[in-house]
Amino acid sequence: MEKKYFALHLLPSRPDFAQTMSEEERAIMMKHVGYWTELMNQGKVVVFGPVMAPDAVYGLGVICVEDEQEVKDFIANDPATTINRYEYFPMRAIVPAK
158 MEKKYFALHL LPSRPDFAQT MSEEERAIMM KHVGYWTELM NQGKVVVFGP
208 VMAPDAVYGL GVICVEDEQE VKDFIANDPA TTINRYEYFP MRAIVPAK
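Counting in the numbering used here, the sequence shown runs from 158 upward without gaps.
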């Protein structure tokens, strides 16, 4: 089965979220980083991290999965979904030959 790529956009709950996180929010976001790092270690995540846009910092990730349901499952299990939300889109990724 051919792998599928998706771009994930983590939308913060407020524009200044990255600068004004409470301790509770920071703890959730640290769990979020650990969660996606583990998926990266499994070969499911190509890249992820905060984008330092001047108007608002947001999260971006590119994942490689079997199907769209896997994307939905990743998002549903992410601790950050308790305080932020996601959009995701199919991606026609150009990747290096192995």
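For each residue, glycine too, the CB sits at the ideal point set by N, CA and C.
- Task: Select from Ala210, Pro211, Val202 and Met248 the residue whose C-alpha is nearest the C-alpha of Ile232.
- Result: One-based indexing of the sequence shown puts residue 232 at position 75. If we check each option's Cα against that of Ile232, Val202 comes out closest.
- Query: For Lys229, which of His189, Ser170 and Phe163 has the nearest alpha-carbon?
  - Reply: If you number the sequence shown from 1, residue 229 lands on position 72. Sorting His189, Ser170 and Phe163 by C-alpha distance to the C-alpha of Lys229 places Phe163 at the top.
- Message: I'd like to check one pair, Val214 with Ala175: are the Cβ atoms closer than 7 angstroms?
- Response: Within the sequence shown, the letter at position 18 stands for residue 175. Within the sequence shown, the letter at position 57 stands for residue 214. Taking 7 angstroms as the Cβ cut-off, Ala175 and Val214 qualify as a contacting pair.
- Task: Starting from the Cα of Thr194, find the closest Cα among Phe205, Glu181 and Glu182 and give me that residue.
- Result: Start at 1 with the first residue of the sequence shown, and residue 194 comes out as number 37. When each option's Cα is compared against that of Thr194, the closest is Phe205.
- So what's Glu244 in DSSP terms, helix, strand or just coil? Residue 244 sits at position 87 when you count from the first residue of the sequence shown. Correct three-state label for Glu244: strand.
- Same chain, Cβ closer than 7 angstroms to Thr239, neighbours up to 5 away in sequence not counted: Position 82 of the sequence shown, counted from the first residue, corresponds to residue 239. Cβ neighbours of Thr239 beyond the five flanking positions: Ile185.
- So is Pro169 buried or exposed if we call it buried at 16+ other beta carbons inside 10 Å? For this step, residue 169 is matched to residue 12 along the sequence shown. Flag for Pro169 reads buried.
- Under the rule that 16 or more other beta-carbon atoms within 10 Å means buried, what is Asp235, buried or exposed? As a first step, residue 235 must be located in the sequence shown, where it is residue number 78. So Asp235 counts as buried.
- Using 7 angstroms as the limit for Cβ to Cβ distance, is Val208 near chain B? Absence of chain B from the displayed structure is noted, only one protein chain being present.
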